[in-house]
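Enquirer: Submitted below is the structure of interest, expressed as structure tokens.
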Amino acid sequence: MPKISHLLNDIKLRNWINKGDAIAKSDGDGLTFTLSAAGTATWILRYRIGQGKRREITLGNYPDLSLSAAREKARSIRVAVDEGRDPAIEKQEEKARAQAAWSVKDLLADFREKCLLPASYAANTIKYRNYDYDQVVLPHLGNRQVVRVAPQDIVGMLTECNRTWTITKRILTSSSKLFDHACGLRIIAANPCTGIRLSALKGKRPPVRKRVMLTEEELRALLPGVEFIGEENAMAFRILLATCVRGVELAKARKEHIFLDRGLWWVPDENVKTRSGFMVPLVPVVVEWFRALIEWSGESEYLLPARQERRRRNLGGDTHVGPTTLWAAITRAFERGDISITRFTPHDTRSTAKGHMRNMGISNAISEIALNHKLRGMEGIYDVREEIPERREALSRWAEFLVACESGAPIPRSKNVIELRSVA
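The numbering of the sequence shown is our numbering, which starts it at 6 and goes up by one.
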């Protein structure tokens, strides 16, 4: 191998790094120093096998890999090339062999770092995924090689964990997501969770709790004195009913996303179960309810700030109420005997709104949009409006209904049917 005339030195390298411009500078015979716009300095060796396509291999980052060490490493790789070997392919094979030896614990660490992130999953989903991994998957499979996990191992884990039908279903889903990642890394060819039917392990799924639709009579009995759950909780309950949002979306609401002058409230992606933010129209009476909560919230950036010092301290200062705060207040009221109507939860406000809107003649499509459900078919694909007038009209009529129930006034009757207008 002929002697190489080197072109770089440490002074040049440090000057380029201090300057910060993205560059690629050759040291001779394929060894190249690269600096990205983000400031990452890397050694790359470019080479060619025979007359074939030029290839390259990353040697390491500078200054972790010094100039002299990079030259020595490049020299040894050139020797391999002269022997007819392909270092890039050998590196890929080495990585594949290392990953093939991964345990489920190793796989989980990689999955958490790359996939189980707020950009892809809601906070509650991440919380429960981690619970499933830490409490069930790792104790049963953590030390086993990924390539040796078979469907019968998954079945054994699900059977032995002794959880309810619903939680076992969630654990199976969490496990499947994890082994999908292994398939993506090409550690395994097929997901061992595929084809497992929970009904074969634990029998038929127990009946799902039927959602409650509070009747007009029940709303008239509940709303006038709803302050027995607390003044702030009562206002939040009215807003939950009137806007049809999920409880966690209201609990996490920030005042910066509420535009009272425009009658709008933006629910951001990270607060939404589907990870897709949406705009909620606020009719005048609901604006006033929001205004009251904003006044009570003081200097907090949240519409419903945490009320317990312990929660604020544990979460690092200003934060929102817990997602179960309203549920707990309603549950205590039932236990005290303050409520004598059908037992309900905050989530039943959505089924209550849905049912009454349909009874008012509001179309199914608009009532679905009011609940932030996705439309099916072509309408869902092409109707991309952020502000939907039909939704505002429907929520206006629904708010009038609620106000009448609380005040004891007759329900405004309308023969108009709100349909979804076609959008080109």
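All C-beta atoms in this analysis are idealised placements derived from N, C-alpha and C, irrespective of residue type, glycine included.
Quantities reported herein were computed from a predicted structural model and do not represent experimental measurements.
Which whole-angstrom value is the C-beta distance of Val253 and Phe242, which I expect to be below 8 Å?
Expert: Wrong, their Cβ atoms sit about 15 Å apart, outside the cutoff.
Enquirer: Assuming Leu265 and Met284 make a contact with CB atoms under 8 Å, what is their CB distance in whole Å?
Expert: That belief does not hold up - the Cβ atoms of Leu265 and Met284 are roughly 14 Å apart, past 8 Å.
Enquirer: First and last residue of the beta strand (DSSP E) that includes Ile28?
Expert: 28-33 is the extent of the beta strand (DSSP E) around Ile28.
Enquirer: Report the three-state DSSP secondary structure of Glu88 (helix, strand or coil).
Expert: Three-state DSSP puts Glu88 in coil, outside helix and strand.
Enquirer: Excluding sequence positions up to five away, which residues of its chain have a Cβ less than 7 Å from the Cβ of Gly404?
Expert: Checking the sequence, you will find Ala at residue 404 rather than Gly. Ala247, Val288, Val290, Val291.
Enquirer: May I ask which residues mark the beginning and end of the alpha helix (DSSP H) holding Gly252?
Expert: Gly252 -> alpha helix (DSSP H) spans 252-256.
Enquirer: When the Cβ atoms of the segment 105-123 are set against those of the segment 183-196, are three or more pairs found closer than 8 Å?
Expert: Flag = yes, the segment 105-123 and the segment 183-196 touch.
Enquirer: When you compare only the Cα positions, how much space is there between Val445 and Val152?
Expert: Lying before the first or after the last residue shown, residue 445 is absent from the chain, which here runs from 6 to 429.
Enquirer: Suppose you measure from the CA of Leu163 to the CA of Asp139; what does that come to, to the nearest Å?
Expert: The alpha-carbon atoms of Leu163 and Asp139 are separated by roughly 14 Å.
Enquirer: Using 8 Å as the threshold, is the segment 354-361 in touch with the segment 210-220, meaning 3 or more CB pairs across them?
Expert: Output reads yes: the segment 210-220 touches the segment 354-361.
Enquirer: By the 10 Å Cβ neighbour count, where 16 or more other Cβ atoms means buried, how is Arg312 classified, buried or exposed?
Expert: Looking at its Cβ environment, which holds fewer than 16 other Cβ atoms inside 10 Å, Arg312 is exposed.
Enquirer: Look up Trp21 in the DSSP assignment and say whether it is helix, strand or coil.
Expert: Trp21 falls in the helix class under three-state DSSP.
Enquirer: Answer yes or no: do His325 and Ala256 have a C-beta to C-beta separation smaller than 7 Å?
Expert: Closer than 7 Å, so yes.
Enquirer: If Met240 and Ala205 are in contact, beta carbons under 8 Å, what's the gap, nearest whole angstrom?
Expert: So it is not a contact: roughly 48 Å between Cβ atoms.
Enquirer: Could you check what DSSP says for Phe339 in three-state terms: helix, strand or coil?
Expert: Phe339 falls in the helix class under three-state DSSP.
Enquirer: Which same chain residues end up closer than 6 Å to Leu310 when comparing Cβ atoms and leaving out the 5 residues on each side of it in sequence?
Expert: The amino acid occupying residue 310 in the given sequence is Pro; Leu does not appear at that position. Here the set comprises Ser302.
Enquirer: Identify every residue that forms a DSSP beta bridge with Ile263.
Expert: Answer is Trp270.
Enquirer: Give me, in chain order, the residues of the same chain whose beta-carbon lies closer than 7 Å to that of Glu223; leave out the 5 immediate sequence neighbours on both sides.
Expert: So the qualifying residues of the chain are Ile346, Thr347.
Enquirer: Are the Cβ atoms of Ala334 and Ile234 separated by less than 7 Å?
Expert: In contact: Ala334 and Ile234 (Cβ atoms closer than 7 Å).
Enquirer: Taking the Cβ atom as the reference point for each residue, do Lys174 and Leu203 lie within a distance shorter than 7 Å?
Expert: Yes, these two residues count as a Cβ contact at 7 Å.
Enquirer: Is Ile16 helix, strand or coil when you go by DSSP?
Expert: Of the three classes helix, strand and coil, the one that applies to Ile16 here is helix, per DSSP.
Enquirer: By DSSP, does Val285 sit in helix, in strand, or in coil?
Expert: Three-state result, Val285: strand.
Enquirer: Do Gly33 and Trp48 have their C-beta atoms closer together than 7 Å?
Expert: Not closer than 7 Å, so no.
Enquirer: Rounding to the nearest angstrom, what Cα-Cα distance links His262 and Glu395 in this structure?
Expert: Going from the Cα of His262 to the Cα of Glu395 covers about 22 Å.
Enquirer: Return the bridge partner residues of Ile192 from the DSSP annotation.
Expert: Beta-bridge pairing links Ile192 to no other residue.
Enquirer: Is there a Cβ from chain D that is less than 7 Å from the Cβ of Arg267?
Expert: Absent here is chain D; the protein component of the structure consists of one chain.
Enquirer: Leaving out the 5 sequence neighbours to the left and right, which residues in its chain are closer than 7 Å to Lys271 when beta-carbon positions are compared?
Expert: With the sequence shown as reference, residue 271 is identified as Trp, and Lys is not the correct amino acid for it. Cβ within range, chain order: His262, Gly282, Met284.
Enquirer: Which residues mark the beginning and the end of the beta strand (DSSP E) in which Thr37 is found?
Expert: That run of the beta strand (DSSP E) goes 36-40.
Enquirer: Go through the segment 140-211 residue by residue and report every complete run of the alpha helix (DSSP H) that reaches 4 residues or more, in order.
Expert: DSSP runs (the alpha helix (DSSP H)) wholly in the segment 140-211: 143-146, 156-165, 170-189, 203-207.
Enquirer: How many Å lie between Thr117 and Thr199 at the Cα?
Expert: The question names Thr, but residue 117 is Arg in the sequence shown. Going from the Cα of Arg117 to the Cα of Thr199 covers about 21 Å.
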